[in-house]
Amino acid sequence: MDEIRTLRQDELDDSITLSCYAFQYDVTPEEREQRKRRMDPDRIWGYFVDGNMAAKVHIHDMRMYVQGEPIRMGGVASVATWPEYRRKGMVSQLLQKGLQAMKEDGQTLSCLHPFAVSFYRKYGWELYTDYKKYELKAAQLPAYEHTEGRIERADRDWQLLDRVYSRYARQYNGTLVRDESWWQHTVFKQKGGQAAVYYDDAGDPRGYMLYKVKNRVMDIGEMAFLDESARRGLWRFIANHDSMCDTVKLLQAPGDDELSFLLPDPRIVQETVAYFSARIVDFERFVAQYTFEATGREERLEVRLSDRYAPWNDGHFTVCINGDGRASVEAAAQGETGAEGQDNSRVACDIQTMTAMLMGYKRPAFMFKAGRLSGSEQETKRWEQLVPRRSSYLPDYY
Numbered sequence: 001m002d003e004i005r006t007l008r009q010d011e012l013d014d015s016i017t018l019s020c021y022a023f024q025y026d027v028t029p030e031e032r033e034q035r036k037r038r039m040d041p042d043r044i045w046g047y048f049v050d051g052n053m054a055a056k057v058h059i060h061d062m063r064m065y066v067q068g069e070p071i072r073m074g075g076v077a078s079v080a081t082w083p084e085y086r087r088k089g090m091v092s093q094l095l096q097k098g099l100q101a102m103k104e105d106g107q108t109l110s111c112l113h114p115f116a117v118s119f120y121r122k123y124g125w126e127l128y129t130d131y132k133k134y135e136l137k138a139a140q141l142p143a144y145e146h147t148e149g150r151i152e153r154a155d156r157d158w159q160l161l162d163r164v165y166s167r168y169a170r171q172y173n174g175t176l177v178r179d180e181s182w183w184q185h186t187v188f189k190q191k192g193g194q195a196a197v198y199y200d201d202a203g204d205p206r207g208y209m210l211y212k213v214k215n216r217v218m219d220i221g222e223m224a225f226l227d228e229s230a231r232r233g234l235w236r237f238i239a240n241h242d243s244m245c246d247t248v249k250l251l252q253a254p255g256d257d258e259l260s261f262l263l264p265d266p267r268i269v270q271e272t273v274a275y276f277s278a279r280i281v282d283f284e285r286f287v288a289q290y291t292f293e294a295t296g297r298e299e300r301l302e303v304r305l306s307d308r309y310a311p312w313n314d315g316h317f318t319v320c321i322n323g324d325g326r327a328s329v330e331a332a333a334q335g336e337t338g339a340e341g342q343d344n345s346r347v348a349c350d351i352q353t354m355t356a357m358l359m360g361y362k363r364p365a366f367m368f369k370a371g372r373l374s375g376s377e378q379e380t381k382r383w384e385q386l387v388p389r390r391s392s393y394l395p396d397y398y
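Quick note: the sequence shown, position 312, residue 312 per the UniProt record's numbering, numbers continuous.
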């Protein structure tokens with residue numbers, strides 16, 4: 001007998017064992033107990049065959065900044081199936097069950113790190129962010145002779161760092177809201193090293209970096225700054241390590257970062273990495289939390305949205321935007337939808353395209369040119385005008 005349900009407390013060991021097998025890592029008995037203490041069985045959905053766990057998916061309850069405001073997000077992770085049960089549609093059923101659960105729980109957005117982008121695109125998730133990686137030789141480091149403020153090396157004071165991070169993160173769509181547990185168990189554990197904090201002349205922390213130096217290589221796991229003075233101050237601090245380092249690696253920067261342009265020698269090694277995918281779980285409630293461009297007048301946008309795996313998102317919708325950019329959604333009643341493709345006041349797209357646009361990853365004009373957004377060019381221009389220009393970024397992994 002097949003069954004989909006959340007786990008019981010005594011099944012957490014089975015979940016960890018499946019993850020270790022699927023993702024090819026080992027945990028010590030102590031690490032296993034630590035993991036179990038942080039796991040919530042009500043947030044893990046399992047597919048059981050005759051009482052045995054065959055597949056599972058974790059849905060973390062997280063918060064993410066979108067248009068500068070935190071919203072609840074379902075973080076999908078640890079999707080795994082034992083090999084003898086694969087290719088039987090179990091993950092598909094788990095994801096559909098997960099979408100329903102997230103909707104009922106008020107998580108209007110979901111994100112995940114795809115092992116294959118194409119696989120999760122089938123279920124409505126779409127890329128929403130890239131990041132850049134840089135590698136500089138010591139001779140390529142910027143030589144800022146004078147910068148305002150000061151740099152202090154600091155302990156892993158999560159509250160101090162979060163004073164900068166929370167302001168920095170609000171500038172992007174798709175950054176996580178971090179709490180003490182996330183800083184301690186995820187950020188510091190994954191990125192290691194030590195912290196350096198930039199303070200302005202008034203003593204306000206305006207930037208920081210997490211880094212380590214070993215074998216004449218500086219690895220910068222994270223850098224955040226709120227203004228140009230902070231950026232310059234951090235890079236001057238980095239350059240002061242030129243006697244210790246032959247190479248500096250910035251392991252993660254926003255996809256729209258302009259470091260290379262600002263360097264005396266822009267011909268550094270850089271790579272753009274396609275990273276996380278996102279999915280609007282509940283279009284109506286997501287839009288109610290979203291802020292469009294404020295025009296000072298009421299606006300209406302019509303869209304034919306398609307969503308195979310979340311049928312509540314599938315249909316004709318009117319997005320009603322007030323003068324301040326706040327919005328609500330009205331679903332068209334039966335008989336009011338008109339003939340497909342014949343209404344010049346409407347655009348049409350799938351949930352993947354809508355997610356990428358509203359997260360700021362791709363512009364409506366680009367989606368129209370690429371054939372992902374259909375309808376009139378005039379209506380596309382209205383979407384282009386009303387969807388804010390705010391880029392996406394995620395300096396975290398889960």
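Cβ atoms here follow ideal geometry from the backbone N, Cα and C, with glycine treated the same way.
What you are looking at is a predicted structure, and each value in this text was computed from that prediction instead of being measured.
Close beta carbons around residue i, own chain, < 7 Å, minus the five adjacent residues each side
i: Gln9; result: Pro41
i: Asp227; result: Arg206
i: Tyr158; result: It should be pointed out that residue 158 corresponds to Trp in this sequence rather than to Tyr. So the qualifying residues of the chain are Glu180, Trp183 and Gln184.
Short CB-CB distance (under 8 Å) between residue i and chain C
i: Thr129; result: The structure shown has no chain C; it contains just one protein chain.
Residue environment, residue i, which counts as buried when at least 16 other CB atoms sit within 10 Å
i: Ala356; result: buried
i: Thr353; result: buried
i: Val187; result: buried
i: Tyr397; result: exposed
i: Ser279; result: In the sequence as presented, Ser is not what sits at residue 279; that position holds Arg. Its Cβ being crowded by 16 or more others within 10 Å, Arg279 is buried.
i: Asn240; result: exposed
i: Thr272; result: exposed
i: Arg346; result: buried
i: Gly124; result: buried
i: Asn215; result: exposed
i: Pro83; result: exposed
i: Phe286; result: buried
i: residue 399; result: For residue 399 there is no data in the structure shown, the boundaries of the chain being 1 and 398.
i: Lys362; result: buried
Supposed contact pair residue j and residue i - C-beta distance, whole angstroms, cut 8 Å
i: Arg170; j: Gly207; result: Rounded, the Cβ-Cβ distance is 15 Å, inconsistent with contact.
i: Ile4; j: Lys122; result: Going by Cβ atoms, the distance from Ile4 to Lys122 rounds to 19 Å, so no, they are not a contact pair.
i: Val281; j: Met102; result: 5 Å
i: Asp256; j: Ser391; result: 5 Å
Inter-residue spacing [alpha-carbon to alpha-carbon] between residue i and residue j
i: Glu126; j: Ala54; result: 26 Å
i: residue 445; j: Gln100; result: The shown model of the chain, from 1 to 398, leaves out residue 445, and the question about it has no answer.
i: Ala253; j: Ser306; result: 33 Å
i: Met62; j: Gly174; result: 11 Å
i: Arg326; j: Arg389; result: 16 Å
i: Ser19; j: Thr28; result: 14 Å
i: Gly74; j: Trp182; result: 15 Å
i: Tyr168; j: Asn52; result: 45 Å
i: Ala143; j: Val164; result: 25 Å
i: Glu31; j: Gln184; result: 15 Å
i: Thr291; j: Met223; result: 27 Å
i: Glu135; j: Phe225; result: 19 Å
i: Thr295; j: Asp179; result: 35 Å
i: Gln289; j: Asp162; result: 24 Å
i: Gly68; j: Ser328; result: 18 Å
Three-state secondary structure assigned by DSSP to residue i
i: His58; result: strand
i: Thr355; result: helix
i: Glu180; result: helix
i: Met1; result: coil
i: Ala195; result: strand
i: Glu145; result: coil
i: Cys349; result: strand
i: Trp383; result: helix
i: Val91; result: helix
i: Cys111; result: strand
i: Ile16; result: helix
i: Lys133; result: strand
i: Thr28; result: coil
i: Thr247; result: strand
i: Arg267; result: coil
i: Gln190; result: helix
i: Asp219; result: strand
i: Gln252; result: strand
i: Met73; result: strand
i: His316; result: strand
i: Tyr47; result: strand
i: Arg390; result: coil
i: residue 406; result: This structure gives no information on residue 406, because the portion of the chain shown stretches from 1 to 398.
i: Val281; result: coil
i: Ala331; result: strand
Proximal residues to residue i (C-beta, below 8 Å), its chain only, five neighbours per side dropped
i: Ile220; result: Met209, Leu210, Tyr211, Ile238, Val248, Lys249, Leu250 and Leu251
i: Glu298; result: Cys320, Ile321, Asn322 and Gly323
i: Glu377; result: Phe368
i: Gly192; result: Leu210, Lys212 and Gly221
i: Ala274; result: Val117, Leu127 and Asp130
Beta-carbon proximity list for residue i, same chain, < 6 Å, skipping 5 on both sides
i: Asp242; result: Ala138
i: Asp350; result: Ser306
i: Thr147; result: Arg232, Gly233 and Arg236
i: Tyr47; result: Ile4, Ala54, Ala55, Met90 and Leu94
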